[in-house]
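Have a look at the structure below before the remarks.
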Amino acid sequence: MAGVLVATRWQDIQGMNNWKGVIDPLHPDLRAAGIRYGEFVEAVYDAIDMEVESEFIYYSLYGKSDLFPNVGVTSDYKITRYLYSTLVVEGWRTAFDGLHKRSSTTWIGYIAVSSDQETRKLGRRDVAVILRGTKASDEWYVNSEFMMKELKLLGLEKPLPRVVEGFLSMYTASDASKMFGDSSLRDQIFKEVNKLVEVDYKDEDMSITFVGHSMGAGMAPLAAADYGFNKPRIAEGRTVMVTAFVYGAPKTGDGEFKKRAEDTGDIVTLIPPVSLTPPGIYQHVGVEWRVDWSSSPYVQDLGFGMRCHNLELYLHCIAG
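By the UniProt record's numbering, the letter at position 134 of the sequence shown is numbered 134, and the numbering carries on one by one without gaps.
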């Protein structure tokens with residue numbers, strides 16, 4: 001029955017009612033979604049230019065229409081926009097120079113939309129916002145910024161939720177002097193997703209699915225909550241559901257962020273939980289989907305760190 005019922009129960013697969021009835025035991029359509037979205041993130045890793053001497057290091061090796069064919073992803077989704085993040089690094093050059101600041105941009109993912117044929121199978125038009133994990137050296141630096149900052153983007157009254165400073169910076173920073181840095185990651189996402197929701201598919205039921213791995217999994221709940229609070233007004237009778245699928249996720253924010261994000265009805269699944277931030281301050285959002293690699297005869301013991309960040313291992317476990 002896999003795929004037969006997804007068109008009629010797509011909201012359950014996207015997290016309605018906290019995935020009751022589809023996560024334990026695991027529904028085949030939820031398994032398929034977990035693999036599909038994970039492969040979308042893996043495509044970014046396979047396509048990013050990591051050649052040290054390259055002029056375009058940390059950018060895509062392929063154009064939007066060529067990415068899936070070149071990395072071996074068979075999909076009825078079309079990439080509509082590449083996404084870039086601006087990294088602002090501030091620190092001491094030497095003890096005598098004082099603080100200095102530099103910025104750079106990197107290709108961090110893309111937005112893709114389901115084809116008409118795939119939409120009929122899924123039961124709604126799906127927009128996938130894909131965010132990869134850490135690759136660039138400056139990203140490691142920004143990821144180390146674990147201090148929390150108030151999240152003012154949601155227009156809420158105090159107490160304001162607080163989120164990891166590094167993730168918030170990568171989500172909101174821009175630098176027009178840098179290639180692809182003229183608008184923030186947030187502005188890129190809102191501009192493209194709003195166009196798809198309000199213009200291209202304005203009369204259709206839709207799901208906006210934020211997908212991230214590792215660093216991207218830290219930003220995906222932030223972006224999902226932001227869009228859930230600030231998405232355009234939806235006509236009565238139409239459904240536009242916001243969800244996040246995240247893999248190997250660090251914790252994004254504090255208890256107030258968890259509460260506000262879940263209050264929107266935009267649920268976040270974590271596959272599987274990984275704590276990379278200080279305990280007691282940060283909290284995971286949504287429902288944990290735990291996977292067990294130890295029962296697989298095809299997986300060697302890679303050590304804890306490798307298990308935390310190996311997306312292919314997650315997908316192997318999800319596939320069963």
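Ideal Cβ positions, reconstructed from N, Cα and C, are used throughout, including at glycine.
Bear in mind that the values here come from a model prediction, so they are computed numbers and not experimental data.
Selected residue, minimal CA-CA separation from residue 129, among 139, 117, 142 and 110: 110
In whole angstroms, what separates the C-alpha of residue 140 from that of residue 236? 44 Å
Residue environment, residue 135, which counts as buried when at least 16 other CB atoms sit within 10 Å: buried
Is the CB-CB distance between residue 40 and residue 240 below 8 Å? no
Alpha-carbon to alpha-carbon, residue 185 and residue 15: 25 Å
Option in 73, 231, 82 and 69 with minimal Cα separation from residue 60: 82
For the structure I just gave you, are there three or more beta carbon pairs, one from the segment 167-187 and one from the segment 195-212, closer than 8 Å? no
For residue 140, list the residues DSSP reports as bridge partners. DSSP lists no partner for residue 140.
With 16 other CB atoms within 10 Å as the buried threshold, where does residue 244 fall? buried
Under DSSP, the alpha helix (DSSP H) around residue 148 begins and ends at which residues? Counting along the chain, residue 148 falls outside any alpha helix (DSSP H), though it belongs to the beta strand (DSSP E) covering 148-150.
Taking all protein chains shown into account, decide if residue 90 is buried (16 or more other Cβ within 10 angstroms of its Cβ) or exposed. exposed
Relative to the C-alpha of residue 248, which candidate in 25, 37, 234 and 310 has its C-alpha closest? 310
For residue 61, which of helix, strand or coil comes out of DSSP? coil
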